[in-house]
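First comes the structure, then the notes that go with it.
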Amino acid sequence: MTTATASSRSTIQQFDRYVIPNYGRYPISLVRGEGSFVWDAEGNRYLDLFPGWGCNILGYSPPRVVKAIQEQAAKLIHVPNTWYMEPQGQFAEALCTRGFGKAFFCNSGAEAVEGAIKLARLHTPEKKYKIITFENGFHGRTFAAVTATAQPKYHDGLGPLVAGFQYAPTNDLGAVRALVDDETCAILIEPVQGEGGVNLPDDGFLQGLRDIADEHSLLLIFDEVQTGMGRTGTWFGYQQWDVQPDIMTLAKGLAGGVAAGAIIATDAVSPSLRPGMHASTFGGNPLACAAGVATVETIEQDGLLENCRQMSDLFRSIFESLQAELPIIEEVRVKGLMVGVDLTIPATPAVGKCMERGLLINATHDTVVRLLPPLNVTAEQVGEGCDIIADVLREMAEEAT
Numbered sequence: 038m039t040t041a042t043a044s045s046r047s048t049i050q051q052f053d054r055y056v057i058p059n060y061g062r063y064p065i066s067l068v069r070g071e072g073s074f075v076w077d078a079e080g081n082r083y084l085d086l087f088p089g090w091g092c093n094i095l096g097y098s099p100p101r102v103v104k105a106i107q108e109q110a111a112k113l114i115h116v117p118n119t120w121y122m123e124p125q126g127q128f129a130e131a132l133c134t135r136g137f138g139k140a141f142f143c144n145s146g147a148e149a150v151e152g153a154i155k156l157a158r159l160h161t162p163e164k165k166y167k168i169i170t171f172e173n174g175f176h177g178r179t180f181a182a183v184t185a186t187a188q189p190k191y192h193d194g195l196g197p198l199v200a201g202f203q204y205a206p207t208n209d210l211g212a213v214r215a216l217v218d219d220e221t222c223a224i225l226i227e228p229v230q231g232e233g234g235v236n237l238p239d240d241g242f243l244q245g246l247r248d249i250a251d252e253h254s255l256l257l258i259f260d261e262v263q264t265g266m267g268r269t270g271t272w273f274g275y276q277q278w279d280v281q282p283d284i285m286t287l288a289k290g291l292a293g294g295v296a297a298g299a300i301i302a303t304d305a306v307s308p309s310l311r312p313g314m315h316a317s318t319f320g321g322n323p324l325a326c327a328a329g330v331a332t333v334e335t336i337e338q339d340g341l342l343e344n345c346r347q348m349s350d351l352f353r354s355i356f357e358s359l360q361a362e363l364p365i366i367e368e369v370r371v372k373g374l375m376v377g378v379d380l381t382i383p384a385t386p387a388v389g390k391c392m393e394r395g396l397l398i399n400a401t402h403d404t405v406v407r408l409l410p411p412l413n414v415t416a417e418q419v420g421e422g423c424d425i426i427a428d429v430l431r432e433m434a435e436e437a438t
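For the working numbering, count along the sequence shown from 1 and bump the result up by 37.
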């Protein structure tokens, strides 16, 4: 072991020897980040408009979060949940007073979804266990979460899956109604489908799900792993549509890049997650909660909800103008700082071409260029990144003709 920065090549060789190769990785070792920029081992700088797959909601090394982690690490890193700890209570209050209900903490989005599924089944009569989810959704990689994910590619080779999940087309209330029966306990949906391509709900769809849930005494669960913590321009995505769920899952940007997840449940539902039925050893640890409190403070004190809304409008304006120029752009979908540019051709080549030009982005659902910039991204950075994307898409359009 050494404290010196290794080259990308030597790090890759170390991975080849000791790390299971279950991820497709780019041949670059990242070593340092600040704001929207990140540097590799060779000193090359990249503008990152997809930092941490949305987890770095304040960019790299946000000062308040760094300071909170340093101070908390000197006091307590981990305490089991058999004890009270001040940072967990503070973080729960910060989230629930900006949203609703009470919080349970875990470490990831998949864990939060698993807990929400348990809570839904625990809260309803024993015979009611089925949960309706939606095509092109994504809820995580653990067994119940991956079963809830209605994309067959994530199920390949994993059967038999968890019983009780039924899939409906998004924006089809009639299909949802047709699936409800005496064994249905809940409806689970992302307010905005992220991995599925930044797909937005039709007007009235989420309210329609709330109505169906109320009519049949079902729980409505919003998976806000991507849409939470200001990503859409409000603290939580449900606030964009004024449709409150019974249960909400959070993760990704929850603690400014530190691993953290949470379930938020209404006061009526939360008691059903009773002692002995669920737990998370590291969930709600002081380090993650201190980082979470600092994340909330940064968003609020730096006016980042407003910045999110302003930069959202800027992205939309730029990409809609580009759409008028390039026939390969099928649709532009933007909600806050969730940006999807849907192409008529595969989007993956754009990732490599942008990376060669010093820009990091993502491609999802085969044809969608996806961006999840930090809430503190600047207009200058938006312009710089979009200029690169525009050049790349023009090049790809020319190659496609």
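Every residue, glycine too, gets a C-beta built ideally from N, C-alpha and C.
- Under the three-state reduction of DSSP output, Trp272 falls in the coil class, being neither helix nor strand.
- Here DSSP, grouped into helix, strand and coil, assigns Thr401 to strand.
- By the C-beta density criterion, Glu432 is exposed, having fewer than 16 other C-beta atoms within 10 angstroms.
- C-alpha of Ala43 to C-alpha of Gly422: approximately 28 Å in a straight line.
- When C-beta atoms of the segment 120-129 are compared with those of the segment 267-284, fewer than three pairs fall below 8 Å, so the two segments do not count as touching.
- Burial state of Met375 is buried, judged by a 10 Å Cβ sphere holding 16 or more other Cβ atoms.
- Spanning the alpha carbons of Val388 and Gln203 requires a straight line of approximately 34 Å.
- Each of Thr415, Thr48 and Phe142 was checked against the Cα of Arg62, and the nearest Cα belongs to Thr48.
- Under the DSSP assignment, Cys133 falls in the alpha helix (DSSP H) whose first and last residues are Glu123 to Cys133.
- By the neighbour-count criterion, in which a residue is buried when 16 or more other Cβ atoms sit within 10 angstroms of its Cβ, Leu132 is buried.
- When beta bridges are read from the DSSP output, Tyr97 appears opposite Gly72.
- Of the residues assessed, Asn399 falls on the buried side of the cut-off, its CB having 16 or more other CB atoms within 10 angstroms.
- Tyr55 is classed as exposed because its beta carbon has fewer than 16 other beta carbons within 10 Å across all chains shown.
- The C-beta distance from Gly152 to Cys143 rounds to 6 Å, short enough to meet the 8 Å contact threshold.
- For a cut-off of 8 Å, the C-beta gap from Ile301 to Leu291 is around 11 Å, too long to register as a contact.
- In the three-state scheme derived from DSSP, where H, G and I count as helix and E and B as strand, Phe352 is classed as helix.
- In this structure, Pro282 sits near Ile258, with a CB-CB distance shorter than 8 Å.
- Ranked by Cα distance from Thr170, the options Pro88, Arg214, Thr303 and Val103 are led by Arg214.
- About 13 Å separates the beta carbon of Leu246 from that of Ile284, a gap too long to meet the 8 Å contact definition.
- Here Gly377 is bridged, per DSSP, to Arg370 and Arg407.
- Nearest in C-alpha terms to Glu163, of all of Gly201, Lys390 and Val183, is Gly201.
- Residue range Ser45 to Tyr55 is occupied by the alpha helix (DSSP H) that includes Tyr55.
- Counting C-beta atoms within 10 angstroms of its own C-beta, Asp77 has 16 or more neighbours from the protein chains shown and is therefore classed as buried.
- Here DSSP, grouped into helix, strand and coil, assigns Thr335 to helix.
- Pairing Pro117 with Glu148, the inter-Cα distance amounts to about 17 Å.
- A distance below 7 Å between beta-carbons, with the five flanking residues on each side excluded, links Glu343 to no residue of its chain.
- The residue among Arg178, Leu210 and Pro206 with its C-alpha nearest the C-alpha of Leu198 is Arg178.
- For Met314, there is no enclosing alpha helix (DSSP H), since its DSSP letter is neither H nor E.
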